[in-house]
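Just so you know, we're using the working numbering here: the sequence shown kicks off at 2 and counts up by one.
No residue lacks a Cβ here, since even glycine has one placed at the ideal position from N, Cα and C.
No experiment lies behind these values; they were computed from the predicted model shown.
Shown next, in structure tokens, is the structure this report addresses.
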Amino acid sequence: MTTKQRFEHILAWFEQNMPVAESELEYSNPFELLVAVMLSAQCTDKRVNMVTPALFKAYPTAEALAKATSDEVFEYVKSVSYPRSKAEHLVQMAQRLVEVYNGQVPDNIDDLQTLQGVGRKTANVVCAVIWNQPTMAVDTHIFRVSERLGLTTNSKNPLQTERELVKYIPQTIIPKAHHWLLLHGRYVCQARKPQCETCGLQAYCRYFKKK
Numbered sequence: 002m003t004t005k006q007r008f009e010h011i012l013a014w015f016e017q018n019m020p021v022a023e024s025e026l027e028y029s030n031p032f033e034l035l036v037a038v039m040l041s042a043q044c045t046d047k048r049v050n051m052v053t054p055a056l057f058k059a060y061p062t063a064e065a066l067a068k069a070t071s072d073e074v075f076e077y078v079k080s081v082s083y084p085r086s087k088a089e090h091l092v093q094m095a096q097r098l099v100e101v102y103n104g105q106v107p108d109n110i111d112d113l114q115t116l117q118g119v120g121r122k123t124a125n126v127v128c129a130v131i132w133n134q135p136t137m138a139v140d141t142h143i144f145r146v147s148e149r150l151g152l153t154t155n156s157k158n159p160l161q162t163e164r165e166l167v168k169y170i171p172q173t174i175i176p177k178a179h180h181w182l183l184l185h186g187r188y189v190c191q192a193r194k195p196q197c198e199t200c201g202l203q204a205y206c207r208y209f210k211k212k
């Protein structure tokens, strides 16, 4: 099976078996999604969703968050991972949004990455989810699943994985494919106990064939 064929089979399976694939983070506008994605780094979406309602109520806009202190924000996010640094980044991010972008979340990866605490992965998520752009955010789930399935081979870092995936996935479905791979890694192809016996991708999975 060629790499192209493997991609085609796997994407077709996802399209048939997971027609709806969306972010599990709860948000109502681009600013809220950006904040939620920043908080989700090395933290579960479930935990982030427990924190954000009160945070968004206290700071509903970039302007409101920009006026806060990191100590004030810390009280709302202290149950997530790395709360101190995330609180600082959120305030600094909001301040730059206000100063440079009139409080509006940029719609491109380059500008998003000028915001404090926003790396390529976060920028890719925002562009894909909000503006349906063909950007592939690679987290630990997608990095692992791509290697196991055989979509990538010996990727050394997330950027290498991202480039391999976007080379074979049609641009129109890249935003959805991001969630397909992420959710598959979160609930089926888990790091320690992959559910291989019940996985519908056995026929195309390099990891399963090696077991």
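- Excluding five sequence positions before and after Met-137, the CB atoms of its chain that fall closer than 7 Å to its own CB belong to Asn-125, Glu-163, Leu-166, Val-167, Ile-175, His-179, given in chain order.
- Here DSSP, grouped into helix, strand and coil, assigns Asn-30 to coil.
- Taken through DSSP and simplified to helix, strand or coil, Lys-194 comes out as coil.
- For Asp-111, the enclosing alpha helix (DSSP H) begins and ends at 110 to 113.
- Per DSSP, reduced to three states, the secondary structure at Ile-170 is coil, with no helix or strand assignment.
- With respect to Ala-63, Gln-105 sits close: the two C-beta atoms are nearer than 9 Å.
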